[in-house]
Structure formats: structure tokens, C-alpha cells
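Here is the structure we will look at.
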Amino acid sequence: MDKSVIIKVEHVSMRFNLSSEKFDSLKEYIIKSIKGQVSIEEFWALKDVSFEVKKGDSVGLIGLNGSGKSTMLKTIAGVLKPTKGCVKVYGSIAPLIELGAGFDMDLTARENVFLNGALLGYTRKEMEGYYNDIVNFSELNSFMDVPVKNFSSGMVSRLAFAIATIGIPDILIVDEVLSVGDFQFQAKCERRIQNMIDKGTTILFVSHSIDQVEKICNKIIWLEHGQMKCFGEAKEICERYKRS
Ligand SMILES: Nc1ncnc2c1ncn2[C@@H]1O[C@H](COP(=O)(O)OP(=O)(O)OP(=O)(O)O)[C@@H](O)[C@H]1O
Ligand SMILES: [Mg+2]
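In this note's numbering, the protein residues as written are 3 to 246.
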């Protein structure tokens, strides 16, 4: 049986403008830019990338630092609009990209749970239903009334992961967020992701631990300098990657 396509990436290219100069003041920048003396360098972080993801697949994106993995995930999550090409997504997305980015650091953990829930589109009543699970999963029982600014980065990640993985999204995007927690919490997060895969969630996964990628993913996209080097079965491509 042919599984249905849930993500379609068509000829996506992404350009960033890099200014190679440093300016001492805004005034200097404005004067130079009016005189046309500011040189902007173009940089293509993604170059004509196309692929399709089928429902229920767990796809790992691998490649060296700067190869375009996070940029690719951000265009799929809708955080970045591609310069060329288009991305079509047929389902809901839970993005785990910059954990805690949606937090208000002055608010308590409890307040942030409800704030983030609202950002994710849940009602207060729904969040009340999820609240105990979030507290239990993050193991932050005695810290729920503490402002998040007093949390360690690991604690912030725990809370953000617990919130972002409530419910069963159609697509879960994970960009290197598992490396922040301690090993016990990592194992717990892996189990939760596996549980979501078993329930039919499609996963896009980035981790610098190739072992973790092999454990979680059945398909791999290998990026090199913003281009797709290959897309195929996880076992085979991970072996090639490890030998490269
Ligand atoms: N907002 C931006 N402005 C300018 N350049 C950017 C921006 N975001 C990313 N880049 C550049 O695009 C390239 C790809 O970055 P990206 O973060 O997608 O790489 P990555 O594969 O996720 O790397 P890493 O393994 O280090 O996380 C890098 O060279 C980076 O400097
Ligand atoms: Mg990255």
C-alpha cells in the first residue's frame, strides 16, 4: 500500500544576506548604505532541495555543521520562507526547534505552561487537562511556581519538551534538543518520541548523535553545503556517513 505524502519540499533554495563589514554606529551604516558602500554578500544555505516525506516515516537530517539542517527544518515549520521553491505540509506540526523560545522568563513555570499552550492553540481547559502530565514528565514538581529565569538550561528544556509534546501532532520536528537534558531525561524523551512514532506521528529529526538518529529514524536526508547529497534508507546512509 502506498503511504500518503505529508510533506512536500519542492526546489527549495534559501538565501541569506551577510554583511561582511562592521560599523561603529548606525549613522555610519546609514551614510555608507546611502552612498552604496555597503557590500552585501549572498549566501545560499539551501540549494534546490526537493523531497517528499510519507506519513508515519521518521526522517533524520544529517550533515556537517552549517550544511543547512536547521534552515531546512525552519522552512518546513514555517519559521522561514524559502527564497525559491515551496514547502507543502498536510497536517499539524509540533516544532521542537529552539526550546524555551516561547517562554516569558519573568513568568513562573506554571504561567508559562498556560502561555505556551495558548501559543500552540490549546484552550485553558485543555491545558488544565494536560497540566499534571507536563509536571510529571518534566519532573519539576517543586519548581512550578518559580520564575523560569531561575531555571537551569536543562530545566528549561525539560519543561519546553514536556509542553511541546502534549497531544499527538501529525508531524514532530526535533532539532538537537535532546542533547540538553541529562542522559536519563534523554532516554525518557526518546521513549516519548518512539511512542509518538508508534501512534503514527511523522518525525523530522536532527541530532549530532548518529546512534540516536539510527535508533529513531527509518529514512535519512544527507545535506552537504545546502544540497541534498542523498535520501534513502537509514541503515544504508548512516553506514556511508560514518565511513565518510
Ligand atoms: N539567519 C541567518 N543569517 C545568515 N546566515 C544564516 C542564518 N541562518 C543560518 N545561516 C547560515 O546558513 C548555513 C546553514 O545553517 P544551519 O543552521 O541550517 O546549519 P546546520 O546544518 O543546522 O548546522 P549545525 O549542525 O551547526 O546546527 C550556515 O552557514 C549559517 O551560517
Ligand atoms: Mg542546526
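All C-beta atoms in this analysis are idealised placements derived from N, C-alpha and C, irrespective of residue type, glycine included.
I'd like to check one pair, residue j with residue i: are the Cβ atoms closer than 8 Å?
| i | j | result |
| --- | --- | --- |
| leucine 225 | methionine 16 | no |
| glycine 119 | isoleucine 175 | no |
| cysteine 88 | glutamate 12 | yes |
Is residue i near ligand 1 - that is, is its Cβ less than 7 Å away from at least one heavy atom of it?
| i | result |
| --- | --- |
| phenylalanine 18 | yes |
| alanine 103 | no |
| glycine 65 | yes |
| phenylalanine 45 | yes |
| serine 209 | no |
| serine 69 | yes |
Rounded C-beta distance between residue i and residue j? I'm assuming under 8 Å.
| i | j | result |
| --- | --- | --- |
| isoleucine 136 | isoleucine 170 | Contact flag wrong, Cβ pair sits at about 15 Å. |
| lysine 71 | lysine 5 | In fact, because the Cβ distance is near 24 Å, the residues do not count as touching under 8 Å. |
| leucine 206 | cysteine 191 | Leucine 206 to cysteine 191, Cβ: 15 Å. No contact. |
| histidine 60 | isoleucine 239 | Correcting the residue type first, residue 60 is serine in the shown sequence and not histidine. With 8 Å as the limit, serine 60 and isoleucine 239 do not qualify as a contact, their Cβ atoms being about 13 Å apart. |
| valine 14 | valine 51 | 5 Å |
| leucine 101 | alanine 162 | 4 Å |
To the nearest angstrom, report how far apart residue i and residue j are at their CA atoms.
| i | j | result |
| --- | --- | --- |
| isoleucine 93 | aspartate 106 | According to the sequence provided, residue 93 is glycine. The question's isoleucine does not apply to it. Cα to Cα, the separation comes out at about 28 Å. |
| valine 7 | isoleucine 173 | 12 Å |
| methionine 3 | lysine 49 | Because methionine 3 carries a pLDDT of 48, less than 50, the predicted location of this residue cannot be relied on, and no value is offered for it. |
| glycine 202 | lysine 237 | 21 Å |
| asparagine 143 | serine 69 | 39 Å |
| phenylalanine 53 | serine 154 | 38 Å |
| aspartate 177 | isoleucine 223 | 14 Å |
| leucine 63 | isoleucine 218 | 12 Å |
| leucine 20 | serine 27 | 18 Å |
| phenylalanine 45 | methionine 157 | 36 Å |
| threonine 77 | histidine 210 | 20 Å |
| valine 150 | glutamine 229 | 39 Å |
| leucine 117 | isoleucine 212 | 34 Å |
For ligand 3, is there any heavy atom lying closer than 7 Å to the beta carbon of residue i?
| i | result |
| --- | --- |
| serine 72 | Questions concerning ligand 3 fall outside what the structure shown contains, since the ligands it does hold are ligand 1 and ligand 2. |
Residue i: beta carbon under 7 Å from a heavy atom of ligand 2?
| i | result |
| --- | --- |
| glutamate 226 | no |
| glutamate 178 | yes |
ask   = Pairing CB atoms from the segment 100–118 with CB atoms from the segment 35–44, are three or more of them under 8 Å?
value = no
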